[in-house]
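Per the numbering used here, the sequence shown runs over residues 2 to 252. All C-beta atoms in this analysis are idealised placements derived from N, C-alpha and C, irrespective of residue type, glycine included. Comments concern the structure below.
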Amino acid sequence: MSGFKLLDVSNNRDKSEGATHMGASDHPLGMTVHNLSSSTVDAQARQTGGRWKMLAVLLVCAAPVIASYFMYYVVRPEGRRNFGELIEPQKPLPNLIAQSMDGRKVNLKSLKDQWLLLSVAGGACDSACERQLYLQRQLLEGMGKEKDRVEWIWLVQDAGVIPTKILPGLKEATVLRLPLSDLSTWLVPAPGGLISNHLYLVDPMGNLMMRFPADLDLSSAGKAKKDMERLLRASSSWDQAGRDPARLSSQ
2 MSGFKLLDVS
12 NNRDKSEGAT
22 HMGASDHPLG
32 MTVHNLSSST
42 VDAQARQTGG
52 RWKMLAVLLV
62 CAAPVIASYF
72 MYYVVRPEGR
82 RNFGELIEPQ
92 KPLPNLIAQS
102 MDGRKVNLKS
112 LKDQWLLLSV
122 AGGACDSACE
132 RQLYLQRQLL
142 EGMGKEKDRV
152 EWIWLVQDAG
162 VIPTKILPGL
172 KEATVLRLPL
182 SDLSTWLVPA
192 PGGLISNHLY
202 LVDPMGNLMM
212 RFPADLDLSS
222 AGKAKKDMER
232 LLRASSSWDQ
242 AGRDPARLSS
252 Q
């Protein structure tokens with residue numbers, strides 16, 4: 002009996018030790034599998050978190066622009082109406098090469114980062130052209146301290162010789178020569194009208210976004226000025242004043 006008990010105890014001890022040994026050998030394998038799974042989950046979590054952070058940064062950067070356009074286009078207190086006509090969809094500056102008065106090649110895309118008030122006419126510049134240029138200068142002068150945020154652009158649509166008499170008045174203007182066929186792919190006149198009938202406004206992101214009525218004159222220029230003032234106020238948090246002429250390039 003004692004021998005049987007000893008054998009039984011011994012057998013039980015062997016079974017117990019075997020079970021313990023199996024548990025110990027299983028345990029590291031189980032932990033290893035668990036650790037690999039956790040690492041994968043952590044990596045995926047970090048990747049997802051990184052994407053959300055990138056999206057948040059983009060939204061923060063775009064928020065001022067979105068807010069300013071929302072305020073101008075959507076929130077219209079007291080039933081305010083624009084004098085200028087909004088161009089929808091907006092048309093970005095095209096990848097076209099113009100020529101400056103000193104013969105340099107200038108890509109229109111390099112005009113970005115400032116508000117642009119532009120007109121179009123032939124180089125011979127008839128009386129209607131002179132009136133447009135005069136109104137551009139008066140509108141910019143009327144902007145006061147905000148004047149540096151708007152650039153005066155005259156696009157010459159042909160090879161006509163610019164009259165010497167108007168050159169002194171163009172000292173503050175950026176004059177670029179570009180064929181009418183190229184300009185017609187970008188600028189949009191009113192139905193049935195000519196490109197040269199209007200003054201156009203381009204925002205600092207390079208989008209053609211407004212045209213003023215044809216045959217603008219001094220009596221109605223004040224309304225155009227109010228539109229420009231509202232746009233400049235709405236964009237005050239994200240556009241910049243002044244431009245180094247050397248930045249204009251053919252790139």
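Taking 8 Å as the cut-off, decide whether the C-beta atoms of glutamate 147 and leucine 233 are in contact.
Their beta carbons are under 8 Å apart, which means glutamate 147 touches leucine 233 by this criterion.
In whole angstroms, what separates the C-alpha of methionine 32 from that of leucine 56?
Here methionine 32 scores only 40 on pLDDT, less than 50, and its place in the model should not be relied on; the value that follows carries that caveat. Distance between the alpha carbons of methionine 32 and leucine 56: 36 Å.
Expressed to the nearest angstrom, what Euclidean distance is found between the alpha-carbon atoms of isoleucine 196 and serine 238?
Going from the Cα of isoleucine 196 to the Cα of serine 238 covers about 32 Å.
Using the Cα positions of glycine 124 and arginine 82, report the straight-line distance between them to the nearest angstrom.
Approximately 35 Å between the Cα atoms of the pair.
Measure the CB-CB distance between leucine 119 and leucine 87 and report whether it falls below 8 Å.
No, these two residues do not count as a Cβ contact at 8 Å.
With C-beta atoms as the reference, is leucine 117 less than 8 Å away from glutamate 89?
Cβ distance not < 8 Å, so leucine 117 and glutamate 89 don't count as in contact.
Pull up the distance between the alpha-carbon of glycine 207 and that of glutamine 115, whole angstroms please.
Their backbone Cα atoms lie some 8 Å apart in a straight line.
Does the distance from the C-beta atom of arginine 314 to that of glycine 50 stay below 8 Å?
Residue 314 cannot be examined here, being either before or after the span of the chain that is shown, 2 to 252.
Nearest by alpha-carbon distance to leucine 209: which of Leu179, Leu112, Tyr135 is it?
The option with the nearest alpha carbon to leucine 209 is Leu112.
Give the list of continuous alpha helix (DSSP H) stretches no shorter than 4 residues that lie fully inside the stretch 81 to 121.
Entirely contained in the stretch 81 to 121, not one alpha helix (DSSP H) run reaches 4 residues.
In the DSSP assignment, find the beta strand (DSSP E) that holds leucine 210 and state where it starts and stops.
In the sequence as presented, leucine is not what sits at residue 210; that position holds methionine. Element bounds for methionine 210: 208 to 212.
So, is glutamine 139 buried or exposed, given that buried needs 16 or more other C-beta atoms within 10 angstroms?
Glutamine 139 is exposed by the Cβ-count criterion.
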